[in-house]
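Structure first, then comments.
Written out as structure tokens, the structure is:
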């Protein structure tokens with residue numbers, strides 16, 4: 001193609017993929033292989049020493065996975081990406097590349113419950129320490145930064161509350177202190193919002209959600225914005241120091257603006273092991289081709305459902321930033337003008353008991369722990385995804401006892417509303 | 428003044444036409460970026476002359492090292508610079524003083540000097556700065572995709588397979 005920037009929908013279909021040079025296969029083949037034959041010993045040595053491009057072993061990289069990586073990097077406007085077995089695995093590899101024992105990072109307290117668990121418990125065993133802050137209160141972030149802080153982590157659109165975060169303002173604080181800003185963009189997807197354009201340095205996804213979109217495959221990914229100077233402070237030795245794992249290579253000077261993604265692969269994925277299955281990479285690739293169509297339909301349906309719920313006599317409150325009166329609506333219009341996403345929460349006038357009865361009365365909605373499926377989904381966060389949190393943490397995370405979370409699918413909106421209507425009638 | 432922006436066609440044209448390269452600042456240490464790039468370019472069929480006064484007379488990646496550009500006894504199509512940006516004006520002087528001038532001045536990632544680049548361009552050279560020929564070759568051939576890197580190439584055409592496993596080339600110019 002010419003040097004004109006292709007549009008988002010074109011990238012969603014074409015980025016990273018070319019016909020197979022041997023067979024002419026047009027869809028990306030599933031390279032269901034563990035390993036790859038070397039041309040000779042010199043070629044093998046060059047691959048192992050990071051001196052040639054190519055595949056060695058599927059725990060480090062796979063050609064199906066590589067197409068997915070390039071595709072998502074293109075959609076996010078990044079320089080490179082690394083796909084992993086899950087979103088949690090992507091987070092692990094990102095933090096493994098920036099943290100040393102005894103270091104800390106600042107994280108928003110409005111996060112997916114699984115991330116709160118990973119940061120607060122599993123990471124503590126590595127002597128990596130999370131410091132919680134309120135992403136709507138920039139001062140609460142800045143006052144916690146010290147000389148052991150290595151990064152700031154937020155969600156662009158916070159789960160489960162569905163609130164947008166002022167990414168640019170937080171990026172400014174991060175960069176003022178020489179820190180990378182890491183943004184989980186799972187809930188918004190790059191169709192709605194591209195965090196790198198607002199100052200993020202690293203983007204993370206659970207591709208299990210909107211990128212795959214069909215609720216059939218686990219997968220995570222980290223995208224390197226190519227924006228952060230890893231050598232400036234000396235605080236990121238995985239990037240700026242000679243690596244004994246590779247005979248003394250310095251990754252940042254060798255790989256330039258995609259060195260972070262390389263570090264996550266060759267130091268993190270290679271040694272920790274959470275590789276994505278080639279078949280899952282294929283299903284996620286198939287899913288992402290329709291991301292622009294699906295995401296717009298998710299948003300349009302969600303706005304219609306939220307508007308309908310808000311006026312229902314049994315509904316106490318609806319928190320959806322797409323609603324004109326919502327506290328978060330201004331930020332939504334700035335960051336995500338095409339829509340406010342598929343996921344939002346509401347509370348019933350009957351509180352906890354009514355919420356439980358409502359969830360159990362639904363027929364079309366599936367009661368399960370996921371979001372971003374073609375199907376409409378419902379969950380009661382306080383008893384499931386956010387169950388391990390204290391009551392105070394639950395409320396801070398937007399997952400109090402009365403909260404019901406919906407992930408609106410792409411069915412006919414009249415059928416979605418019909419199901420909500422009949423379940424509310426039974427409450 | 429020279430801008431840090433090049434079309435894919437411009438870069439591909441250089442990588443197609445160049446056969447011989449002088450690499451200023453080539454290191455004998457096999458983990459240094461210059462050594463890695465040199466090894467890759469040789470594997471892709473380029474003839475590379477390392478230039479490094481501290482290593483002159485000895486080999487790097489099996490190639491004889493020279494003390495200066497003027498010492499290289501054969502024609503050089505491209506000079507590739509692995510030195511700091513402030514070395515570029517002097518290197519341009521050295522290139523312009525050669526009887527047999529190269530066609531291309533290439534400066535590696537982070538190496539950029541707008542005035543020196545402009546001077547080389549005014550003298551008829553093609554100039555690329557703040558880029559790596561290994562990365563650009565990998566990007567335009569598609570090899571870099573295996574590392575999850577965004578090549579920014581959108582194409583429904585057949586990749587160009589080279590001899591051996593996992594080796595791609597740059598497509599010849601379309602007629």
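Chains as they are written, first to last, in the working numbering: chain A, 1 to 427; chain B, 428 to 602.
Built from N, CA and C at the ideal position, the CB exists for glycine as well.
Since the structure is predicted, the reported quantities are computational estimates derived from the model, not experimental observations.
8 Å Cβ cutoff, residue i in contact with chain D
i	result
residue 59 of chain A	Structure shown: chain D not included; protein chains present are A and B.
Start-to-end residues for the alpha helix (DSSP H) that takes in residue i
i	result
residue 8 of chain A	8–14
residue 533 of chain B	Per DSSP, residue 533 of chain B belongs to no alpha helix (DSSP H); it is in the beta strand (DSSP E), 531–534.
residue 198 of chain A	No alpha helix (DSSP H) holds residue 198 of chain A; DSSP gives it neither H nor E.
residue 297 of chain A	291–310
residue 47 of chain A	41–48
residue 97 of chain A	87–98
residue 189 of chain A	189–192
residue 165 of chain A	Looking at the DSSP string, residue 165 of chain A is not in any alpha helix (DSSP H), and its letter there is neither H nor E.
Classification of residue i by the beta-carbon crowding that lies within 10 angstroms, buried from 16 upward
i	result
residue 297 of chain A	buried
residue 414 of chain A	exposed
residue 125 of chain A	exposed
residue 367 of chain A	exposed
residue 316 of chain A	exposed
residue 294 of chain A	buried
residue 426 of chain A	exposed
residue 570 of chain B	buried
residue 95 of chain A	buried
residue 121 of chain A	exposed
Three-way DSSP call (helix, strand, coil) for residue i in this model
i	result
residue 137 of chain A	coil
residue 104 of chain A	strand
residue 365 of chain A	coil
residue 486 of chain B	strand
residue 566 of chain B	helix
residue 538 of chain B	coil
residue 597 of chain B	coil
residue 406 of chain A	strand
residue 395 of chain A	helix
residue 332 of chain A	helix
residue 553 of chain B	strand
residue 231 of chain A	coil
residue 37 of chain A	coil
residue 327 of chain A	coil
residue 463 of chain B	helix
residue 342 of chain A	coil
residue 446 of chain B	coil
residue 78 of chain A	coil
residue 246 of chain A	helix
Under 8 Å between C-beta atoms of residue i and residue j
i	j	result
residue 252 of chain A	residue 259 of chain A	yes
residue 159 of chain A	residue 131 of chain A	no
residue 356 of chain A	residue 365 of chain A	no
residue 206 of chain A	residue 87 of chain A	yes
residue 361 of chain A	residue 284 of chain A	no
residue 340 of chain A	residue 162 of chain A	yes
residue 167 of chain A	residue 199 of chain A	yes
residue 116 of chain A	residue 138 of chain A	no
residue 59 of chain A	residue 387 of chain A	no
residue 336 of chain A	residue 181 of chain A	no
residue 453 of chain B	residue 465 of chain B	yes
residue 265 of chain A	residue 345 of chain A	no
residue 203 of chain A	residue 216 of chain A	no
residue 222 of chain A	residue 150 of chain A	no
residue 519 of chain B	residue 543 of chain B	yes
residue 164 of chain A	residue 332 of chain A	yes
residue 575 of chain B	residue 197 of chain A	no
residue 263 of chain A	residue 238 of chain A	yes
Where the beta strand (DSSP E) containing residue i begins and where it ends
i	result
residue 284 of chain A	Here residue 284 of chain A belongs to no beta strand (DSSP E); instead the alpha helix (DSSP H) covers 278–288.
residue 506 of chain B	505–508
residue 515 of chain A	Here chain A covers residues 1 to 427 and nothing more, so residue 515 of chain A does not appear.
residue 574 of chain B	Premise fails: residue 574 of chain B is in no beta strand (DSSP E) and is neither H nor E.
residue 222 of chain A	220–224
residue 205 of chain A	202–206
residue 126 of chain A	Where residue 126 of chain A is concerned, there is no enclosing beta strand (DSSP E), given that its DSSP letter is neither H nor E.
residue 453 of chain B	Premise fails: residue 453 of chain B is in no beta strand (DSSP E) and is neither H nor E.
residue 434 of chain A	Nothing about residue 434 of chain A can be read from this structure; chain A reaches only from 1 to 427.
residue 475 of chain B	474–478
Worksheet item: Would you call the region 448–457 of chain B and the region 488–506 of chain B touching, i.e. three or more CB-CB distances under 8 Å?
Response: Under the three-pair Cβ rule at 8 Å, the region 448–457 of chain B counts as touching the region 488–506 of chain B.
Discussion item. Within 8 Å, do at least three Cβ pairs link the region 33–49 of chain A to the region 586–593 of chain B?
Written reply: Below 8 Å, enough C-beta pairs join the region 586–593 of chain B and the region 33–49 of chain A to call them touching: three or more.
Worksheet item: Per the contact definition of three or more C-beta pairs closer than 8 Å, is the region 39–54 of chain A in contact with the region 3–18 of chain A?
Response: The region 3–18 of chain A is not in contact with the region 39–54 of chain A.
Worksheet item: Is the region 66–80 of chain A close to the region 213–231 of chain A, with three or more CB pairs under 8 Å?
Response: Counting Cβ pairs under 8 Å, three or more are found: they touch.
Worksheet item: So, do the region 524–541 of chain B and the region 554–562 of chain B have three or more beta carbon pairs nearer to each other than 8 Å?
Response: These segments touch.
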